[in-house]
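Student: For the record, in the sequence shown the residue sitting at position 206 is 206 according to UniProt numbering, with numbers rising by one throughout. Just so it is clear, CB atoms sit at the ideal spot from N, CA and C, and this is done for glycine as well.
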Amino acid sequence: MKGILGRKVEMTQIFATDGRLIPVTVVEVLPNTVLQVKNLEKDGYIALQLGVQDKRVNLVNKPEIGHFNKANSAPKRFVKEIRNMDGFEQGQQITASDIFENGQLVDVTGTSKGKGFQGSIKRHNYARGPMGHGSGYHRGTGSMGAIINRIFKSKKMPGHMGHAKRTIQNLEVVLVDNANNIMLIKGSIPGPKGQFVTVRQNVKGLKANQAAELLIRKEAVPAIEPTVEPTVAPVVETEAEVETTPAASAE
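1. Between Q169 and K8, is the Cβ-Cβ spacing less than 7 Å?
2. I need the DSSP call for H163, collapsed to helix, strand or coil.
3. With 16 other CB atoms within 10 Å as the buried threshold, where does R200 fall?
4. So is E10 buried or exposed if we call it buried at 16+ other beta carbons inside 10 Å?
5. What is the rounded straight-line gap between the Cα of K156 and the Cα of R166?
6. Can you tell me where the beta strand (DSSP E) with P23 in it begins and where it stops?
7. Grab me the residues of I224's own chain with a C-beta within less than 6 Å of its C-beta, minus the 5 sequence neighbours each way, in chain order.
8. Using the three-state DSSP reduction, which class does N209 fall into: helix, strand or coil?
9. By DSSP's criteria, D107 is part of a beta bridge. Which residues make up the other side?
10. Can you tell me the Cβ-Cβ gap for T111 and G191, rounded? I've got them flagged as a contact below 8 Å.
11. Within a Cβ cutoff of 6 Å, which residues of the same chain sit near M161, ignoring the five residues on either side of it in sequence?
12. What residues in its chain sit with their C-beta under 6 Å from that of T17, if we drop five residues either side in the sequence?
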């Protein structure tokens, strides 16, 4: 199973040539560095340790610096292992086009947005009570079960919501753009803007969809207006007509 590390940028929409509007999430995928190659003989399993986005050296301790130096790499901000991935060497750079292609289905893993302490209605989608003044029960938790002076385990109650590892499966890769180091993935993925995510091949083994033909907007070229030379009317020289008065002619 192959994968790559990226960072969620934002959501937008693009159009296909057949007129379909496709909502996509923009994922920045900088070249990933292979920090470590794990194999069956030494580690007991096959995996690649990838790292992405450089960070300052003073934020890394000495053992970590030694680990990055083995791969001739600068310290990385986001480091993750991807199981059952091989075919690459330590220190090698991996781009999105090396693994994914347009139309392929992927699983995206990230950390969801933290929402703090929330009630049972928002956290577990409970129904509320009547909102009349006399009901006395509006957004309560509900029954606590049998009266035995304790709460049973796994009871859905108010508490911390969000900021958890979540995976969205079978999302379609709409476009892999190596020139701009981005991937466009159809649909939403976990986490806020700027959140690091892991994009893997779909675990269910579903076949890739037919790649959508996208409508690429080209920059408008200003039309060149033809230059028309102004036409000058020819000057015709005419003799001035002199009117003579009778007095002048008599003299």
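Tutor: Judging by the given coordinates:
1. As a position in the sequence shown, residue 169 is number 169, starting the count at 1. As a position in the sequence shown, residue 8 is number 8, starting the count at 1. Against a cut-off of 7 Å, the Cβ pair of K8 and Q169 comes out as no contact.
2. Position 163 of the sequence shown, counted from the first residue, corresponds to residue 163. It is coil, neither helix nor strand.
3. To locate residue 200, count along the sequence shown from 1; it is residue 200. Counting the other Cβ atoms within 10 Å of the Cβ of R200 gives 16 or more, which makes it buried.
4. Against the sequence shown, residue 10 aligns to sequence position 10. Burial call: exposed.
5. Translated into positions along the sequence shown, residue 156 becomes position 156. Translated into positions along the sequence shown, residue 166 becomes position 166. Going by the C-alpha atoms only, they are around 19 Å apart.
6. For this step, residue 23 is matched to residue 23 along the sequence shown. P23 -> beta strand (DSSP E) spans L21 to E28.
7. As a first step, residue 224 must be located in the sequence shown, where it is residue number 224. Closer than 6 Å at the Cβ level, and outside the excluded window around I224, lies no residue.
8. Residue 209 sits at position 209 when you count from the first residue of the sequence shown. For N209, the three-state secondary structure derived from DSSP is coil.
9. For the purposes of this step, residue 107 is taken as residue 107 along the sequence shown, with counting starting at 1. Among the bridge pairs identified by DSSP, D107 is matched with R200.
10. Residue mapping note: residue 111 aligns to position 111 of the sequence shown, counting from 1. Residue mapping note: residue 191 aligns to position 191 of the sequence shown, counting from 1. Confirmed, Cβ separation roughly 5 Å.
11. In the sequence shown, residue 161 corresponds to position 161, counting from 1. Taken in chain order, the residues that qualify are K115, Q118 and R123.
12. As a working mapping, residue 17 is identified with position 17 in the sequence shown. So the list reads E213 and L215, once near-sequence residues are dropped.
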